[in-house]
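Peer 1: Take this structure first; my questions come after.
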Amino acid sequence: MITVFDDAQRAHDPQFFLSSGARKPCPEQPARIDALLGAVRRMGGPVVQAPDAGLAPILAVHPARYVTFLSGIYERWMRIDGASAEVIPNVHPASRLDGYPLSAVGQAGFHMTDTSCPISAQTWGAAYASAQTALHAADLVLGGENAAYALCRPPGHHAFAESAGGFCYLNNSGIAAQRLTDAGRRVAILDVDLHHGNGTQGMFYARGDVLTVSLHAHPERFYPFFWGYEGEFGEGAGLGANLNLPLPRGTGDAGFLDALAQGIEKVQAWGADTLVLALGLDAFEGDPFAGLSVTTPGFAAIGRAVAAMGLPVVIVQEGGYLCDQLGDNLEAVLRAW
Ligand SMILES: [Zn+2]
1 MITVFDDAQR
11 AHDPQFFLSS
21 GARKPCPEQP
31 ARIDALLGAV
41 RRMGGPVVQA
51 PDAGLAPILA
61 VHPARYVTFL
71 SGIYERWMRI
81 DGASAEVIPN
91 VHPASRLDGY
101 PLSAVGQAGF
111 HMTDTSCPIS
121 AQTWGAAYAS
131 AQTALHAADL
141 VLGGENAAYA
151 LCRPPGHHAF
161 AESAGGFCYL
171 NNSGIAAQRL
181 TDAGRRVAIL
191 DVDLHHGNGT
201 QGMFYARGDV
211 LTVSLHAHPE
221 RFYPFFWGYE
231 GEFGEGAGLG
241 ANLNLPLPRG
251 TGDAGFLDAL
261 AQGIEKVQAW
271 GADTLVLALG
281 LDAFEGDPFA
291 GLSVTTPGFA
301 AIGRAVAAMG
311 LPVVIVQEGG
321 YLCDQLGDNL
331 EAVLRAW
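Using full-length UniProt numbering, the letters of the sequence shown correspond one by one to residues 1 to 337.
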């Protein structure tokens, strides 16, 4: 399998993370790349860098004012007397249908759903490279590859069309799905990250042309809290094109694989001809987020179940945090192809 990777993704290095209000080191660190890339190198497949496909395929799912915000807010923030070293929001609208301010502080609150998506001088470049990485993996599949792995970082599935959140800025899986849809494919996004793919769901919620399915720790006691419940089926043209499979905290391989079988059944019933696998590895029993208890053999079984669908697949890296088995878990999934 071809891996797509861009070293420019390393430059983004958030300085802290607020967990229950306490300041901690950010788990979404550049070192994640070394663990994931190490696994890819052990497997021995080709690693290629994405060509620059430009902004147009990003603008196909993210409005221009959001892209303008992401690419320019750091410089604007630095002009504020006494501002923090990274852009961190501290005021939010009750609804994003509310007014759109001119102020950098106001726009940060508008476009950032939480404090875990700080923006430094390097963030836009890394997020852009991450999106290009997913796009190229989609193009490889459109060119006839059976599967391609996009080693994306920062991740993307918590990014809505107009807002960053949860370590995510541009929705790489959504951008890849749009690329495939524009080429005539009927696309399903299957998200197996520990956390609900709220940004991806939101991006396609009113659309009937892309199916979104997410397995995750139940949001009633877990991030992202406000999305990911069983009753969210889509709206308007998208009604029936979203499926959430929330799992009790601590669910292990058997429960996860049962839910995965339901998700796969939905993808097949919907008639997808191409799959985007939003591959988080943080459902692992040893992941620092400690939400679910999937084992390394469990990840191998996840890979086999998805590969057995026989669909062309763009595998997009989402979460999965530093622990000794991070690379092993990636390898366990990718070996299925
Ligand atoms: Zn996650």
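Ideal Cβ placement from N, Cα and C applies to all residues, glycine included.
Measure from the alpha carbon of C168 to the alpha carbon of each residue in T181, A177, C152, then state which is nearest.
Peer 2: Counting from 1 along the sequence shown, the entry for residue 168 is found at position 168. Among T181, A177, C152, the Cα nearest to that of C168 belongs to C152.
Peer 1: Tell me whether N171 is buried or exposed, calling it buried when 16 or more other Cβ atoms sit within 10 Å of its Cβ.
Peer 2: Position 171 of the sequence shown, counting from 1, holds the residue named residue 171. Buried: at least 16 other Cβ atoms inside 10 Å.
Peer 1: When every heavy atom of ligand 1 is checked, does at least one fall within less than 8 Å of the C-beta of G165?
Peer 2: Residue 165 sits at position 165 when you count from the first residue of the sequence shown. No, the Cβ of G165 stays beyond 8 Å of every heavy atom of ligand 1.
Peer 1: Go to Y149, then tell me how far its beta strand (DSSP E) extends in each direction, as first and last residue.
Peer 2: For the purposes of this step, residue 149 is taken as residue 149 along the sequence shown, with counting starting at 1. Its beta strand (DSSP E) spans residues 147-150.
Peer 1: With a 10 Å radius around its C-beta and 16 neighbouring C-beta atoms as the bar for buried, classify N329 as buried or exposed.
Peer 2: Within the sequence shown, numbered from 1, the residue matching residue 329 stands at position 329. Looking at its Cβ environment, which holds 16 or more other Cβ atoms inside 10 Å, N329 is buried.
Peer 1: Which first and last residues belong to the beta strand (DSSP E) in which P246 is found?
Peer 2: Here residue 246 is taken as the residue at index 246 of the sequence shown, counted from 1. Segment 242-247, the beta strand (DSSP E) holding P246.
Peer 1: Helix or strand or just coil, what does DSSP make of D193?
Peer 2: As a working note, residue 193 is residue 193 in the sequence shown. DSSP places D193 in coil when its eight states are reduced to three.
Peer 1: Under the assumption that T133 contacts D6 (Cβ atoms under 8 Å), give the Cβ distance between them as a whole number of angstroms.
Peer 2: Residue mapping note: residue 133 aligns to position 133 of the sequence shown, counting from 1. Residue mapping note: residue 6 aligns to position 6 of the sequence shown, counting from 1. Between D6 and T133 the Cβ distance is about 5 Å, and since that is below 8 Å, they are a contact.
Peer 1: Closer than 7 Å from C-beta to any heavy atom of ligand 3: which residues, in chain order?
Peer 2: In the structure shown, ligand 3 is absent; the only ligands present are ligand 1.
Peer 1: Would you give the residue range spanned by the beta strand (DSSP E) that L275 belongs to?
Peer 2: The sequence position of residue 275 within the sequence shown is 275, counting from 1. Element bounds for L275: 274-279.
Peer 1: Okay, do the segment 286-305 and the segment 136-148 touch, 3+ Cβ pairs below 8 Å being the bar?
Peer 2: With the cut-off at 8 Å, the segment 286-305 and the segment 136-148 do not touch.
Peer 1: By alpha-carbon positions, which one of F284, W337, I2, N244 ends up nearest to K266?
Peer 2: For the purposes of this step, residue 266 is identified with residue 266 of the sequence shown, where counting begins at 1. Of the listed residues, the one whose Cα sits closest to K266 is N244.
Peer 1: Does DSSP put T251 in a helix, a strand or coil?
Peer 2: Working through the sequence shown from its first residue, we reach residue 251 at position 251. DSSP places T251 in coil when its eight states are reduced to three.
Peer 1: Contact defined as beta carbons within less than 8 Å: I believe L247 pairs with A217. What is the distance between those atoms, to the nearest angstrom?
Peer 2: Translated into positions along the sequence shown, residue 247 becomes position 247. Translated into positions along the sequence shown, residue 217 becomes position 217. Rounded, the Cβ-Cβ distance is 6 Å, consistent with contact.
Peer 1: Which one or two residues does DSSP pair with V187 in a beta bridge?
Peer 2: Translated into positions along the sequence shown, residue 187 becomes position 187. Note: V187 sits in a beta bridge opposite V210, T274.
Peer 1: If we count Cβ pairs, one from each stretch, closer than 8 Å, do we get three or more for the segment 200-207 versus the segment 287-295?
Peer 2: These segments do not touch.
Peer 1: Which residues mark the beginning and the end of the alpha helix (DSSP H) in which S163 is found?
Peer 2: If you number the sequence shown from 1, residue 163 lands on position 163. Counting along the chain, S163 falls outside any alpha helix (DSSP H), and DSSP gives it neither H nor E.
Peer 1: One question on the structure: do P89 and A108 come within less than 9 Å of each other, judged by their Cβ atoms?
Peer 2: The residue labelled residue 89 in the question sits at position 89 within the sequence shown. The residue labelled residue 108 in the question sits at position 108 within the sequence shown. In contact: P89 and A108 (Cβ atoms closer than 9 Å).
Peer 1: Quick test of the definition: if touching needs 3 or more C-beta pairs under 8 Å, does the segment 183-191 touch the segment 112-128?
Peer 2: Verdict: no, contact absent.
Peer 1: Can you name, in chain order, every residue of its own chain whose Cβ lies under 6 Å from the Cβ of A283, other than the five neighbours on each side?
Peer 2: The residue labelled residue 283 in the question sits at position 283 within the sequence shown. Hits under 6 Å: L194, L292, V294.
Peer 1: Would you give the residue range spanned by the alpha helix (DSSP H) that Q317 belongs to?
Peer 2: What you label residue 317 is simply residue 317 of the sequence shown in a count that begins at 1. Where Q317 is concerned, there is no enclosing alpha helix (DSSP H), although the beta strand (DSSP E) it sits in stretches over 313-317.
Peer 1: Please report the straight-line C-alpha distance between F110 and A22, rounded to a whole angstrom.
Peer 2: Taking the sequence shown and counting its residues from 1, one reaches residue 110 at position 110. Taking the sequence shown and counting its residues from 1, one reaches residue 22 at position 22. Distance between the alpha carbons of F110 and A22 is about 23 Å.
Peer 1: Taking the beta strand (DSSP E) that V4 belongs to, which residues open and close that run?
Peer 2: Translated into positions along the sequence shown, residue 4 becomes position 4. That run of the beta strand (DSSP E) goes 2-4.
Peer 1: Which residues in the same chain have their Cβ closer than 7 Å to the Cβ of P63, if we skip the five residues on either side of it in sequence?
Peer 2: Stepping through the sequence shown from its first residue, residue 63 is reached at position 63. Cβ within range, chain order: A161, E162.
Peer 1: Taking L211 as the reference, which of A336, E220, F233, D98 has the closest Cα?
Peer 2: Counted from its first residue, the sequence shown places residue 211 at position 211. It is F233.
Peer 1: With a CB to CB cut of under 8 Å and the five nearest residues on each side skipped, what residues in its chain are close to R221?
Peer 2: Translated into positions along the sequence shown, residue 221 becomes position 221. For R221, where only same-chain residues beyond five positions count, the Cβ hits under 8 Å are R249.
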